[in-house]
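Positions -23 to -1, 1 to 439 (mature numbering (1 follows the signal peptide of the UniProt record, and there is no 0)) are the ones given, in order, by the sequence shown. Positions of the beta carbon are idealized from the N, C-alpha and C atoms, including for glycine. Note that the structure is predicted; figures quoted are calculated from it, not measured. What follows is a set of notes on a single structure, which appears directly below.
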Amino acid sequence: MPPPRPLLLAALALAALAPAAVALAPAVAPAPAVAPAPARAPQPVVALLEGAATPLRATGPGAGPGDLRPLGRAVGDASVVGMGEATHGSHEFPATKDRVFRHLVREHGFRTFALEAAWSTGVLLDAYVRHGEGDPRRIMREDFQYTYALANTAEHLALIEWMRDHNRRHPHDPVRFMGDDWGYTGPELYDRVTGHVAATRPELAPRLDALYRGLRPTVPSAEYQKRYLAKPLAERREMAERTGRALALLRSSPPKGGDGREADAYAWTLRHATVIDQTARGYAFDFDDPRQVAAGMRYRDEAMADNIAWWHRHTGHKVLLSGHNNHVGYEPEDPEVLPRTQGAFLRDRLGARYRAVGFTFGQGSFKATDPEEREMLTHTVGPPPPGGNEDTLDRVRHDRYVLDLRTAPPAARRWLATARPTRSVGTAYPEERTTYDIALARSYDVLIHLSRVRAVDLLPVS
């Protein structure tokens, strides 16, 4: 029997990656009622924020770089920059990240875009970006299902096509695409691991094949994830035990001599096997036990951080990481559900070489399923209620702006360091909670506020 829905959503989604069995109907849902909020911030705080803010001329790519240079200075010498989103389903968040990534590539030496998506999907899209292999629309349609349905967007496709075009023009200085998550591990990852072992250590191939037996997906992504979740806990734990033994086998069998290319191929194979093991271990928590849910949530964010840190260390690339606010920031929205975030783990590993950029918005629309996940809807919310973070941020006269939270005037920093109600939307809406008490300055280094957002442009699913 599948885990109860609230715990399952928590375990896989943090309320930022809730399973979504979606029928992409262009329906519109009414906004839920909003509870009364505390009093508004005084006007002097608004004036201080306005003085510290840098307006953005545009969200999507195409505008000149001048208005992004203050953001570039805030990024400084960071090796990894995490950029969040207040919803998974609003156009302006991925469009702004696209624009920022192009700027960071041109002026700050960034070379990898990392998405909150499956590692195996990243492998396929990276092959397209680097070598033109495959069809990105097909890859996205087939892999961005269920938990990843809101990644199948025209906004992401535009970025991927720009990356491919960049690499055609700069074949000796390519940009790369990665997925940092483990919610789905496609058949190509198993094939890469078993293929490498068959070619380099054929004596190990029968043992590895036996350990991976029955794990390689043979059905579509959404169906595979649902079937996995429906397995009894004991079976899921037995699968994790086998992937762990497979990983240990590979770790104990490094190349026998060879050149740097052989060592590199082994390193990638070992990482692919690590992610296969992450998937099995991530599904091996007991979703009927709230303490296990919290442990599983923590495990997911730590694994995503580990994948980012490995990629940065192995490639030497500076990385722009795209994920939900509740992943890339330093403090979790609800510590009882997610004890520690990906951003906090990255700060542990990288120190000041990690920067977190959060997003807030005033009003507008976004895609998300209904609470029962029966269909994909366009949801619309009005102006923020008084007393929340967005209410004050929306009173700044700029429609969209960047705010370095570390260098704002002292009185503004005190306001920014106080927790206040803040919107946070995952893939289903409305949920039991749609606002959380968040202290912006404790969660992010930089904030981008947008007065209005519209729904993301989903690509066809067939």
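Where residue i falls, given that 16 or more other Cβ within 10 Å makes a residue buried
i	result
Pro387	exposed
Asp325	exposed
Asp265	exposed
residue 440	A question about residue 440 goes unanswered here, because the residues of the chain that appear run from -23 up to 439.
Lys344	buried
Ser299	buried
Ala225	exposed
Gly43	exposed
Val270	buried
Arg34	exposed
Ala91	buried
Val170	buried
Ser439	exposed
Ser229	exposed
Gln202	buried
Pro309	buried
Arg76	buried
Val(-2)	Interpretation of Val(-2) is limited by its pLDDT of 34, a score under 50 that renders its predicted location unreliable; no figure is taken from the coordinates.
Val196	exposed
Thr89	buried
Arg145	exposed
Tyr282	For clarity, residue 282 is Ala in the given sequence; the question names Tyr instead. Buried, because 16 or more other Cβ atoms sit within 10 Å of the Cβ of Ala282.
Ala240	exposed
Gly41	exposed
Leu(-12)	Below a pLDDT of 50, predicted positions are generally treated as unreliable, and Leu(-12), at 46, falls in that range; the measurement from the model is reported next regardless. Flag for Leu(-12) reads buried.
His291	exposed
Gly235	exposed
Residues near residue i in its chain [Cβ-Cβ closer than 8 Å; skip 5 each side]
i	result
Asp120	Ala94, Ala95, Ser97, Thr98, Leu101, Tyr161, Gly163 and Ser198
Asp112	Tyr105
Val373	Val23, Leu26, Glu27, Ala30 and His426
Run of the beta strand (DSSP E) containing residue i, from where it starts to where it stops
i	result
Thr89	Phe87 to Ala95
Ser342	Tyr331 to Thr346
Boundaries of the alpha helix (DSSP H) in which residue i is found, first to last residue
i	result
Arg178	From DSSP, Arg178 is part of no alpha helix (DSSP H); its letter is neither H nor E.
Val22	Gln20 to Ala29
Leu435	Looking at the DSSP string, Leu435 is not in any alpha helix (DSSP H), and its letter there is neither H nor E.
Leu298	Note, Leu298: premise wrong, no alpha helix (DSSP H); beta strand (DSSP E) at Lys295 to Ser299.
Phe121	No alpha helix (DSSP H) holds Phe121; DSSP gives it neither H nor E.
His249	Gly237 to Gly259
Val270	Pro267 to Thr292
Arg374	Taken as a continuous stretch (DSSP letters only), Arg374 belongs to no alpha helix (DSSP H), as it is neither H nor E.
Leu134	Ala131 to Arg146
Leu323	Gln319 to Leu327
Val305	Asn302 to Val305
According to DSSP, residues forming a beta bridge with residue i
i	result
Ser56	According to DSSP, Ser56 bridges with nothing at all.
Ile425	Phe336 and Val379
Tyr413	Thr399
Arg153	Thr89
Ser229	Its beta-bridge partners do not exist; DSSP assigns none.
Asp158	Ala95
Ser67	Ala432
Ala128	In the DSSP output, where bridge partners are listed per residue, Ala128 has none listed.
Integer-rounded CB distance, given that residue j should sit under 8 Å from residue i
i	j	result
Met117	Asn129	5 Å
Trp287	Arg351	Rounded, the Cβ-Cβ distance is 38 Å, inconsistent with contact.
Gly335	Ser401	That pair is no contact at about 10 Å.
Gly328	Gly59	With 8 Å as the limit, Gly328 and Gly59 do not qualify as a contact, their Cβ atoms being about 14 Å apart.
Arg383	Ser56	Going by Cβ atoms, the distance from Arg383 to Ser56 rounds to 18 Å, so no, they are not a contact pair.
Leu424	Leu354	Contact doesn't hold; Cβ gap of about 28 Å is too wide.
His80	Leu45	5 Å
Tyr413	Asp311	6 Å
Arg114	Leu134	7 Å
Sequence-distant residues of the same chain with beta carbon closer than 7 Å to residue i, five excluded per side
i	result
Tyr243	Pro231 and Pro232
Arg410	none
His68	Glu132, Val430, Arg431, Ala432, Val433 and Asp434
Arg184	Leu226
Ala250	Val170, Ala223, Leu224 and Leu227
Gly37	Ala72, Asp75 and Arg76
residue 442	Outside the shown range of the chain (-23 to 439) lies residue 442, about which nothing can therefore be said.
Close Cβ partners of residue i (< 6 Å) along its chain, the five nearest in sequence each way excluded
i	result
Arg397	Gly365 and Asn366
Arg275	Pro316 and Arg317
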